[in-house]
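Visitor: Please find one structure pasted underneath; my questions will follow.
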Amino acid sequence: MSTKTSAQRASFSGRLGYVLTTAGSAVGLGNIWRFPYLAAKYGGGAFLLVYLILVMTFGYTLIISETAIGRMTKKSPIGAFEHFGKGPSFRFGGWINAIIPMIIGPYYCVIGGWVLRYLAGYAAGGVKALSGDNYFSDFISDGVSVEGWFLVFALCTVVVIFFGVQKGVEKISRLMMPALVVLALLVAIYSVTRPGALSGVRYFLIPDIRHFSWMTVVAALGQMFYSLSCAMGILITYGSYMEKDVSIERSTSEVEFFDTAIAILAGLMIIPAVFAFSGNDAARNLQAGPSLMFITMPKVFGSMGMGTAIGIIFFLLVFFAALTSSISLAETCASTFEDELHMKREYASMIVTVLFIGLGTLSSLGFNVLKSVTILGMDFLDFFDFLSNSIMMPIAAIAICVLVLRSVTLKGIEEEVCKGGAKFKRKKIYTFIIKYLSILFLLVILASSVLNVLGIIHI
Ligand code: PHE
86 MSTKTSAQRA
96 SFSGRLGYVL
106 TTAGSAVGLG
116 NIWRFPYLAA
126 KYGGGAFLLV
136 YLILVMTFGY
146 TLIISETAIG
156 RMTKKSPIGA
166 FEHFGKGPSF
176 RFGGWINAII
186 PMIIGPYYCV
196 IGGWVLRYLA
206 GYAAGGVKAL
216 SGDNYFSDFI
226 SDGVSVEGWF
236 LVFALCTVVV
246 IFFGVQKGVE
256 KISRLMMPAL
266 VVLALLVAIY
276 SVTRPGALSG
286 VRYFLIPDIR
296 HFSWMTVVAA
306 LGQMFYSLSC
316 AMGILITYGS
326 YMEKDVSIER
336 STSEVEFFDT
346 AIAILAGLMI
356 IPAVFAFSGN
366 DAARNLQAGP
376 SLMFITMPKV
386 FGSMGMGTAI
396 GIIFFLLVFF
406 AALTSSISLA
416 ETCASTFEDE
426 LHMKREYASM
436 IVTVLFIGLG
446 TLSSLGFNVL
456 KSVTILGMDF
466 LDFFDFLSNS
476 IMMPIAAIAI
486 CVLVLRSVTL
496 KGIEEEVCKG
506 GAKFKRKKIY
516 TFIIKYLSIL
526 FLLVILASSV
536 LNVLGIIHI
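If you want the numbering used here, it's the 1-based position in the sequence shown plus 85.
Here's what the structure looks like:
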């Protein structure tokens, strides 16, 4: 993608095209699966508050920076960094951004496989069985089944990039996305009105300092990167397709708003249901981690009329949201291989397939066949998630901030943001954060996750 000259480079059709495509990449499992389990685990309302503050400050700063850099250079991350200099630090900055999707993509497909398994389960009429207490743990410990469903999802993803039919999928998801919002809204209303759910609503919406820990901040920051698809070069690439007369600030704010609204909706769908459906076990179930959505939602569907139909529709919509995101991950990886290693499209797609299947298999077998293998105390999926979100993304974000301060300059960003007479309303906040706060804050977060995992500090 990035080797094309600016004259040839494809562009989004106007602001709506940009917003819809970027939102398609941003809204995915991060919002529906990852956000609720992190919020449940790391402090409920305290997590939500920290998350919102981070999105409006650091998230906003990064989104603007990446999009402006992309549009200014018309390149994907590696090329964009090299546009400003050829030294090893520029190469490092570009590559770290480009490698992150290669780590996230494979395990993303594993979770996509779980979604497909549940979709098939509902389609086969298993609404009661799926809501059973051990359904998820039985499934996950069956290596053949987890691997099989992962392969189906991964193949759906790579087939799309092989044949270059993203456009078709995007069209379908544009219909699916509003449907997802409506269904999530209905399910959230059902969840919060269950007996006992109110304490869950309170836990999720009202910050309580006793539930706050430093881990709340670390997890919220990683989630912010993940959910907004920032600090991994994707927004640089998307910015490079943005036309000059589209307002960067306005369109990125819309993506930010939409992404956050869906995450909150998913939180309202899942967290109150944990309280309503797990009785005395609520405190323990809040700690469930990656399995939370798969344990809680079937209980909700199992308790309602038309549970089978709603289960099918829900997992189908989640599947589409996940698919657009996984395509955007795979596509970014393929274009890095194409552009930087000068590979043909078919070879690049082939390497992406091998990479996704190889690393994804480690993650899917990490719960069963490879259960005894742990890295720094984590199973493979947790490890890849930790490595990308808590280590590499803060580094990638630092690289972007340094690039802005040293090479692009604040003036350069301002000029790009104000192109075509657009406004830069939050310029003061932007400047303050990028100049004085971002690098220091990111370094502190990075150091604390590293020291924590090495057992030197406990957060
Ligand atoms: N933001 C996506 C989500 O929330 C994940 C993703 C990250 C997709 C990076 C594309 C690129 O699920």
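Where a beta carbon is used, it is the ideal one built from N, C-alpha and C, also for glycine.
#1: Check whether the Cβ atoms of residue 146 and residue 518 lie closer than 8 Å to each other.
#2: Could you check if residue 311 belongs to the surroundings of the ligand PHE, using beta carbon to heavy atom distance under 7 Å?
#3: What's the C-alpha gap between residue 339 and residue 473?
#4: Closest to residue 479 by C-alpha separation, out of 427, 302, 459 and 416, would be which residue?
#5: For residue 272, which residues of its own chain have a beta-carbon under 6 Å away from its beta-carbon, when the five flanking residues on both sides are left out?
#6: Rounded to the nearest angstrom, what separates residue 436 and residue 279 at their Cα positions?
#7: Tell me the rounded alpha-carbon separation between residue 350 and residue 171.
#8: Do you know how far the Cα of residue 447 is from the Cα of residue 465?
#9: Ordered along the chain, which non-local residues of its own chain (more than five positions away) have a Cβ less than 8 Å from that of residue 295?
#10: Count Cβ pairs between the stretch 249 to 256 and the stretch 196 to 207 that sit closer than 8 Å; are there 3 or more?
#11: Do the stretch 178 to 187 and the stretch 103 to 116 make contact, defined as three or more Cβ pairs closer than 8 Å?
#12: Counting C-beta neighbours from all protein chains within 10 Å, is the total for residue 261 16 or more, i.e. buried, or is it exposed?
#13: Confirm the yes/no value for this check: CB of residue 448, any heavy atom of the ligand PHE, distance under 7 Å.
#14: Quick one: complete alpha helix (DSSP H) runs, 4+ long, within the stretch 327 to 374?
#15: I'd like the list of long-range same chain contacts for residue 81, defined as Cβ closer than 8 Å, with 5 residues on each side in sequence excluded.
#16: Closer than 8 Å is the cut-off here; do at least three beta carbon pairs connect the stretch 113 to 130 with the stretch 190 to 200?
#17: Taking the C-alpha atoms as reference points, what is the distance between residue 511 and residue 181?
#18: Beta carbon of residue 414: closer than 7 Å to some heavy atom of the ligand PHE?
#19: Between the beta-carbon of residue 309 and the beta-carbon of residue 521, is there less than 8 Å?
#20: Taking only runs of the alpha helix (DSSP H) that begin and end inside the stretch 457 to 529, which ones reach a length of at least 4 residues, in chain order?
#21: Does DSSP classify residue 278 as helix, strand or coil?
#22: Determine the burial state of residue 402: buried for a count of at least 16 other Cβ atoms within 10 Å of its Cβ, exposed for fewer.
#23: Indicate the three-state DSSP secondary structure (helix, strand or coil) for residue 391 in the structure shown.
#24: Please check the pair residue 396 and residue 212, which I expect to be a contact at CB under 8 Å, by giving their CB distance rounded to whole angstroms.
#25: For the ligand PHE, any of its heavy atoms closer than 7 Å to the Cβ of residue 474?
#26: Pick helix, strand or coil for residue 209, following the three-state DSSP scheme.
#27: Is the CB-CB distance between residue 289 and residue 527 below 8 Å?
#28: Residue 489 to residue 541, Cα distance in whole Å?
#29: Relative to the alpha-carbon of residue 434, which residue among 415, 361, 299 and 144 has its alpha-carbon at the smallest distance?
#30: Residue 222: which of 460, 456 and 507 sits nearest, CA to CA?
#31: Determine the DSSP secondary structure at residue 444, reduced to helix, strand or coil.
#32: Please confirm whether residue 160 and residue 371 have their CB atoms less than 8 Å apart.
#33: Among 507, 499, 516 and 486, which one has its Cα closest to the Cα of residue 524?
#34: Classify residue 232 as buried or exposed, calling it buried when 16 or more other Cβ atoms lie within 10 Å of its own Cβ.
#35: Would residue 348 pass as a contact of residue 482 if the rule is Cβ separation under 8 Å?
#36: Hey, how far is the Cα of residue 494 from the Cα of residue 286?
Guide: By the coordinates alone:
#1: Counting from 1 along the sequence shown, the entry for residue 146 is found at position 61. Counting from 1 along the sequence shown, the entry for residue 518 is found at position 433. Yes, Cβ-Cβ distance for residue 146 and residue 518 is below 8 Å.
#2: Here the question's residue 311 lines up with position 226 in the sequence shown. Remark: the C-beta of residue 311 is in contact range of the ligand PHE, defined as less than 7 Å to any heavy atom.
#3: For this step, residue 339 is matched to residue 254 along the sequence shown. For this step, residue 473 is matched to residue 388 along the sequence shown. For residue 339 and residue 473, the gap between their C-alpha atoms comes out near 26 Å.
#4: Residue numbering aside, residue 479 sits at position 394 when the sequence shown is read from its first letter. Selected option, being the one with the closest Cα: 302.
#5: Position 187 of the sequence shown, counting from 1, holds the residue named residue 272. Cβ within range, chain order: 354.
#6: Residue 436 sits at position 351 when you count from the first residue of the sequence shown. Residue 279 sits at position 194 when you count from the first residue of the sequence shown. Approximately 48 Å between the Cα atoms of the pair.
#7: Numbered from 1 along the sequence shown, position 265 holds the residue referred to as residue 350. Numbered from 1 along the sequence shown, position 86 holds the residue referred to as residue 171. In a straight line, the C-alpha of residue 350 is about 44 Å away from that of residue 171.
#8: As a first step, residue 465 must be located in the sequence shown, where it is residue number 380. As a first step, residue 447 must be located in the sequence shown, where it is residue number 362. For the pair residue 465 and residue 447, the Cα-to-Cα distance works out to about 6 Å.
#9: As a first step, residue 295 must be located in the sequence shown, where it is residue number 210. So no residue of the chain qualifies.
#10: In the pairwise beta carbon analysis, the stretch 249 to 256 is classified as not touching the stretch 196 to 207: fewer than three pairs are separated by under 8 Å.
#11: The stretch 178 to 187 makes no contact with the stretch 103 to 116, as fewer than three CB pairs between them are under 8 Å.
#12: Looking up residue 261 in the sequence shown gives position 176. By the neighbour-count rule (16 or more Cβ atoms within 10 Å), residue 261 is buried.
#13: Residue mapping note: residue 448 aligns to position 363 of the sequence shown, counting from 1. Relative to the ligand PHE, even the nearest heavy atom lies 7 Å or more away from the CB of residue 448.
#14: For the stretch 327 to 374, whole alpha helix (DSSP H) runs of length 4 or above, ordered along the chain, are 333 to 362 and 367 to 371.
#15: Residue 81 lies beyond the residue range present for the chain, which begins at 86 and ends at 544; the question has no answer from this structure.
#16: Yes, since at least three Cβ pairs between the stretch 113 to 130 and the stretch 190 to 200 fall closer than 8 Å, the two stretches touch.
#17: Working through the sequence shown from its first residue, we reach residue 511 at position 426. Working through the sequence shown from its first residue, we reach residue 181 at position 96. CA-to-CA, the gap between residue 511 and residue 181 works out to about 28 Å.
#18: Position 329 of the sequence shown holds residue 414. For the ligand PHE, at least one heavy atom lies less than 7 Å from the Cβ of residue 414.
#19: By 1-based counting over the sequence shown, the position of residue 309 is 224. By 1-based counting over the sequence shown, the position of residue 521 is 436. Against a cut-off of 8 Å, the Cβ pair of residue 521 and residue 309 comes out as no contact.
#20: The stretch 457 to 529 contains these whole alpha helix (DSSP H) runs: 465 to 471, 478 to 488, 495 to 502 and 512 to 517.
#21: For the purposes of this step, residue 278 is taken as the residue at position 193 of the sequence shown. Three-state DSSP puts residue 278 in coil, outside helix and strand.
#22: Residue numbering aside, residue 402 sits at position 317 when the sequence shown is read from its first letter. Classification for residue 402: buried.
#23: Numbered from its first residue, the sequence shown carries residue 391 at position 306. Three-state DSSP puts residue 391 in coil, outside helix and strand.
#24: Position 311 of the sequence shown, counting from 1, holds the residue named residue 396. Position 127 of the sequence shown, counting from 1, holds the residue named residue 212. For a cut-off of 8 Å, the C-beta gap from residue 396 to residue 212 is around 6 Å, short enough to register as a contact.
#25: Position 389 of the sequence shown holds residue 474. Every heavy atom of the ligand PHE is 7 Å or more from the Cβ of residue 474, so no.
#26: Counted from its first residue, the sequence shown places residue 209 at position 124. Here residue 209 carries a coil assignment [DSSP, helix/strand/coil].
#27: Position 204 of the sequence shown, counted from the first residue, corresponds to residue 289. Position 442 of the sequence shown, counted from the first residue, corresponds to residue 527. No.
#28: Counting from 1 along the sequence shown, the entry for residue 489 is found at position 404. Counting from 1 along the sequence shown, the entry for residue 541 is found at position 456. Residue 489 and residue 541 have their C-alpha atoms spaced approximately 33 Å apart.
#29: Your numbering for residue 434 matches position 349 in the sequence shown. Just measuring C-alpha positions, the residue of 415, 361, 299 and 144 sitting nearest residue 434 is 415.
#30: Residue 222 sits at position 137 when you count from the first residue of the sequence shown. By alpha-carbon distance to residue 222, the top candidate from 460, 456 and 507 is 456.
#31: Here residue 444 refers to the residue found at position 359 of the sequence shown. Residue 444: helix per DSSP, three-state reduction.
#32: Here residue 160 refers to the residue found at position 75 of the sequence shown. Here residue 371 refers to the residue found at position 286 of the sequence shown. Note that the C-beta distance between residue 160 and residue 371 is not below 8 Å.
#33: The count along the sequence shown starts at 1 and reaches residue 524 at position 439. Comparing Cα positions, the closest option is 486.
#34: Here residue 232 corresponds to residue number 147 of the sequence shown, with the count starting at 1. Around the CB of residue 232, 16 or more other CB atoms lie within 10 Å, so the residue is classed as buried.
#35: For the purposes of this step, residue 348 is taken as the residue at position 263 of the sequence shown. For the purposes of this step, residue 482 is taken as the residue at position 397 of the sequence shown. The criterion of a C-beta distance shorter than 8 Å is not satisfied by residue 348 and residue 482.
#36: To locate residue 494, count along the sequence shown from 1; it is residue 409. To locate residue 286, count along the sequence shown from 1; it is residue 201. A direct Cα-Cα distance of roughly 44 Å separates residue 494 from residue 286.
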